[in-house]
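With this note's numbering as the guide, the letters of the sequence shown map in order to residues 1 to 827.
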Amino acid sequence: MTGFDYSIADFCRLVGGTVLQKNHNAPLRHLGIDSRKFDYTDASVFFAIPGNRRNGHHFVDALYKRGVRTFVVSEAVDLTRLPEATVIRVDNTIRALQNLAAHHRARSNARVVGITGSNGKTVVKEWLYQLLYMQFHILRSPKSYNSQVGVPLSLLLLDQTHEMALIEAGISEPGEMEVLQKMIQPEIGIFTNVGEAHQYHFESLEAKVKEKLRLFTDAKTLIYCRDHELIHRAVANDQDGKPRRLLTWSLSQEADLRILSHSCSGNHTNLEGSYGGKTITIEIPFLSAAAIENCCHLWLLLLFMEIPDAEIKRRFASLTPVAMRLEQVAGINGSVLINDAYNSDINALSIALDYLVFQVKNKKYTAILSDILQSGEARAKLYKRVADLLKTHRIDRFVGIGPDLIQNRACFDGMNAEFYESTDEFLAKTRRKDFKKENILVKGARDFAFERIIEFLQEKSHETVLEIDLSKLVHNLNYVRSKLKPDTKVMAMVKAFSYGSGSYDIARTLEYNRVDYLAVAYADEGIALRNDGIRIPIMVLNPEVSAYDAMIQYRLEPQLFSFHTLNRFSQALENAGEVAGFPVHIKLNTGMNRLGFNPDEIPQLADAIKESGRFEIKSVFSHLAGSDDPGFDVFTQEQISEFTAAADELSNLLGVKMMRHILNSNGILRYPDAQFDMVRLGLGLYGLTTFGPEQGALKPVSSLKTTISQIREIEPGEGVGYNPSHRVKQKTKIAVLSIGYADGLPRLLGNGVGKVRIAGEVVPFIGNICMDMSMVDISGVDCAEGDTVEVFGTHLDIYEMAGHLHTIPYEVITNISRRVKRVFVQD
Ligand SMILES: *Cc1c(COP(=O)(O)O)cnc(C)c1O
1 MTGFDYSIAD FCRLVGGTVL QKNHNAPLRH LGIDSRKFDY TDASVFFAIP GNRRNGHHFV
61 DALYKRGVRT FVVSEAVDLT RLPEATVIRV DNTIRALQNL AAHHRARSNA RVVGITGSNG
121 KTVVKEWLYQ LLYMQFHILR SPKSYNSQVG VPLSLLLLDQ THEMALIEAG ISEPGEMEVL
181 QKMIQPEIGI FTNVGEAHQY HFESLEAKVK EKLRLFTDAK TLIYCRDHEL IHRAVANDQD
241 GKPRRLLTWS LSQEADLRIL SHSCSGNHTN LEGSYGGKTI TIEIPFLSAA AIENCCHLWL
301 LLLFMEIPDA EIKRRFASLT PVAMRLEQVA GINGSVLIND AYNSDINALS IALDYLVFQV
361 KNKKYTAILS DILQSGEARA KLYKRVADLL KTHRIDRFVG IGPDLIQNRA CFDGMNAEFY
421 ESTDEFLAKT RRKDFKKENI LVKGARDFAF ERIIEFLQEK SHETVLEIDL SKLVHNLNYV
481 RSKLKPDTKV MAMVKAFSYG SGSYDIARTL EYNRVDYLAV AYADEGIALR NDGIRIPIMV
541 LNPEVSAYDA MIQYRLEPQL FSFHTLNRFS QALENAGEVA GFPVHIKLNT GMNRLGFNPD
601 EIPQLADAIK ESGRFEIKSV FSHLAGSDDP GFDVFTQEQI SEFTAAADEL SNLLGVKMMR
661 HILNSNGILR YPDAQFDMVR LGLGLYGLTT FGPEQGALKP VSSLKTTISQ IREIEPGEGV
721 GYNPSHRVKQ KTKIAVLSIG YADGLPRLLG NGVGKVRIAG EVVPFIGNIC MDMSMVDISG
781 VDCAEGDTVE VFGTHLDIYE MAGHLHTIPY EVITNISRRV KRVFVQD
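So, in structure tokens, the structure goes:
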């Protein structure tokens, strides 16, 4: 269900203005303001927003050509060029968008939480989501969409299934908050804090606080920190607001939630508080003061929502850091590089350090920082604080760049620290081999041009690479989640080297995005993940008897599919001294006829489980054989009912409840009623399925890229490569690519069957594909040696390539050789 669904008549009424032309009447299901990111269909409406750099009106023609048929404009457009469109003219397209959003919000039953303040809005929103997503179906503003345009776009995502909405509101000028308040109408408010940012447009800090407070004019409950005296006074003096429940917390005085103590141990901070006469505690996996403040707001909110203490504790302990503009890339010599181009004040530094020490892969932590340019604080005091932060985060190595840092180097006495006058000096004196297997934070003020350091420390990949876009992976995960009930768990399949994509980085991204389970094919894949620090439960699909001991040691959960495996695993548990409760999964065969117990073996299976007494049956599951094909619908339904009956029988015989799951990626879309407790997401995660009618909703995560090694011209009558069967008829320009069948480029694609993309042009292979090289015909293409070549990916559909080979994308991608380097990128 999409939330945005209006008839043209309703739509025109709600945005107001004048209908200039009404030649398109289909219902509207999508809305957008950015012509580059748009659903180009006739169910979409485009709001043309005049901006300083990009005026939306300039793109109306182009969108029309691509099939868009409804436009809201505020400037003149040439209607003769839009003969089939409906065009509405308003005075102000942003206002029209806001009016529509206000209406859309008003018809939703979701409980809306409005969040404002100078810092921490996005983090508070993201953490609140992490704390509540398992309990409610929640909409949250994407990224930091908190402006006059961002807020309406967020609200328009609301649909009837949302139970809560977490909406950020940010302002830079007087008068703006009133507009946002009318749209958001929050029931609960959180006022994070107040700082100096955007002071420019306000006569005083008081005036700014007062303006922000307007967001909560009609809120029933407002949460803030009593210690922010300005906020407290403004709330107390606020005449406009209706009576509302004020909830406060404080580190130093009476408040609803009084923080009695906070102390750090290792990577955690322990907080002790008093609420409603009780003393309670939580532990948060962060150290920074900013994180403590953000968590206290949320702790108070969860207490107010009457979530049990034990549950609150559990949820806070598993919060994960929110990467604002941090970017993680593969560094040289096995390092992880964290590039933070965000502003370089001390708060941002503490957040970045929290993120750095959250990395589990390498045990060594390095911070490369520049002078902090923006603070008014006395230098020595400032750098003392920096040093303290580095110490609390137990940073192993510090590289300071800039004259201020050199002058204040005494602050870092006792640390493993090195200093350089400038970025140039650092680059001149450092060699790549000086960095090895460390997690490196690179954070500098803009003037220091630290992008040169990133360039220097990044893993180099000139040859053939498989580029994996982790942002798309997360997008796919979230898209599939939006199709699931809120409490359905997700098991992510990372078997076969994550469908060819590489294991650790994918697994870490999935763990970070809170999937519930991972599944690998063989025990050694699971062991590698555990050694890299992956902690979430891992199921092993093909547990080999020889690996049982290691699986027990690494807490890898086997799927048991036969009496033989069950007995042998039980024996291995006994040998290892594991007497009871080892997590295992029972695989049932309901028609796929691969691994699994047959339903008629259930009574005997129940006996064997009881007799062993060593297992905790985490789940019982089966696998669909034809979930993507309507031709198998009857068969699939039979599989589902057979599975249900067999799982019921097993549960009854054992007298225990266990999770059930049967859906794979295509099953999720086509049989949503069979979600049971968990789904197993494979190709959908990697964007390797079109996901039925919602074409384009999932994005392929992988691109195979190579480079041109040499360019040459051949004369008419000449051929190319081994056993050239084909002679060219005219002068032909050839590019030799550094990719061959040993890299996983199938030989069948040679001689014009397959194509690649170079300099924006799609060109065919010529001659046979060799082991390590291949040749393409680039006649007429403007390109040079060293240029990048796309074999498949963003522009060339892997489906097309699979089609040439009469196979499925799965096979293409899992055949990419391990020698092809996997490079991970992120938006
Ligand atoms: C691979 C696999 C899946 C995932 O299937 P997709 O079609 O890739 O989503 C689910 N369950 C089992 C048992 C599998 O082996």
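Every residue gets a Cβ at the ideal spot worked out from N, C-alpha and C, and that includes glycine.
- The beta strand (DSSP E) runs lying completely inside the region 382–459 and spanning 3 residues or more are 397–401, 417–420, 438–443, given in chain order.
- Residue 233 carries a helical assignment under DSSP once its states are collapsed to helix, strand and coil.
- Residue 641 sits in a helix when the DSSP states are folded into three classes.
- Cβ atoms of residue 57 and residue 73 come within 8 Å of each other, at about 6 Å.
- In chain order, the residues with a C-beta atom nearer than 5 Å to some heavy atom of ligand 1 are 493, 623, 664, 665, 680, 682, 683.
- Rounded to the nearest whole angstrom, the C-alpha separation of residue 353 and residue 380 is 20 Å.
- Fewer than three Cβ pairs drawn from the region 279–297 and the region 166–176 lie within less than 8 Å of each other, which leaves the two stretches out of contact.
- Beta-bridge annotation (DSSP): residue 492 is paired with 518, 681.
- A buried status is given to residue 493, since no fewer than 16 other beta-carbon atoms sit within 10 Å of its beta-carbon.
- In chain order, 208 place their CB closer than 6 Å to the CB of residue 202, counting only its own chain and leaving out the 5 sequence neighbours on each side.
- Every alpha helix (DSSP H) stretch that sits fully inside the region 544–632 and reaches 4 residues is listed by chain position as 548–553, 563–575, 602–612.
- Around the CB of residue 55, fewer than 16 other CB atoms lie within 10 Å, so the residue is classed as exposed.
- Per DSSP, reduced to three states, the secondary structure at residue 537 is coil, with no helix or strand assignment.
- If you look at residue 80, you'll find it isn't in any beta strand (DSSP E); DSSP assigns it neither H nor E.
- Secondary structure note for residue 212: it is in no beta strand (DSSP E), and the uninterrupted alpha helix (DSSP H) holding it is 205–213.
- Annotation for residue 225: the continuous beta strand (DSSP E) segment containing it runs 221–225.
- Inclusion of residue 337 and residue 468 in the CB contact set at 8 Å is not warranted, their separation being larger than that value.
- By the CB criterion at 8 Å, residue 384 and residue 411 fall inside the cutoff.
- Taking every protein chain shown into account, the CB of residue 498 has 16 or more other CB atoms within 10 angstroms, so this residue is buried.
- Within the same chain, and ignoring the five residues on either side of residue 742 in sequence, the residues whose Cβ sits closer than 7 Å to its Cβ are 771, 772, 817.
- Residue 477 and residue 701 have their C-alpha atoms spaced approximately 11 Å apart.
- Straight across, the Cα-Cα distance linking residue 583 with residue 787 is about 51 Å.
- Taking the C-beta atoms as reference points, residue 145 is found no nearer than 8 Å to residue 138.
- Looking from the CA of residue 382, the closest CA among 350, 501, 366 belongs to 350.
- With 16 or more other CB atoms across the displayed protein chains lying within 10 angstroms of its CB, residue 93 is buried.
- Out of 614, 506, 754, the CA that lies nearest to the CA of residue 686 is found in 506.
- Below 8 Å, enough C-beta pairs join the region 608–621 and the region 562–571 to call them touching: three or more.
- Each residue's CA atom was taken as its position, placing residue 401 and residue 262 some 33 Å apart.
- The shortest C-alpha to C-alpha distance from residue 183 to any of 126, 404, 218, 98 is the one to 98.
- Per DSSP, residue 478 has no beta bridge partner at all.
- In the structure shown, the three-state DSSP call for residue 666 is helix.
- Sixteen is the threshold: when 16 or more other Cβ atoms of the shown chains lie within 10 Å of the Cβ of residue 340, as they do, the residue is buried.
- Per DSSP, residue 527 lies in no beta strand (DSSP E); the unbroken alpha helix (DSSP H) holding it starts and ends at 523–531.
- Boundaries around residue 661 are those of the beta strand (DSSP E), 659–661, since no alpha helix (DSSP H) includes it.
- Contact between residue 824 and residue 329 holds, with the beta-carbon distance rounding to 7 Å and staying under 8 Å.
- In the structure shown, residue 267 falls within a coil segment according to DSSP collapsed to helix, strand and coil.
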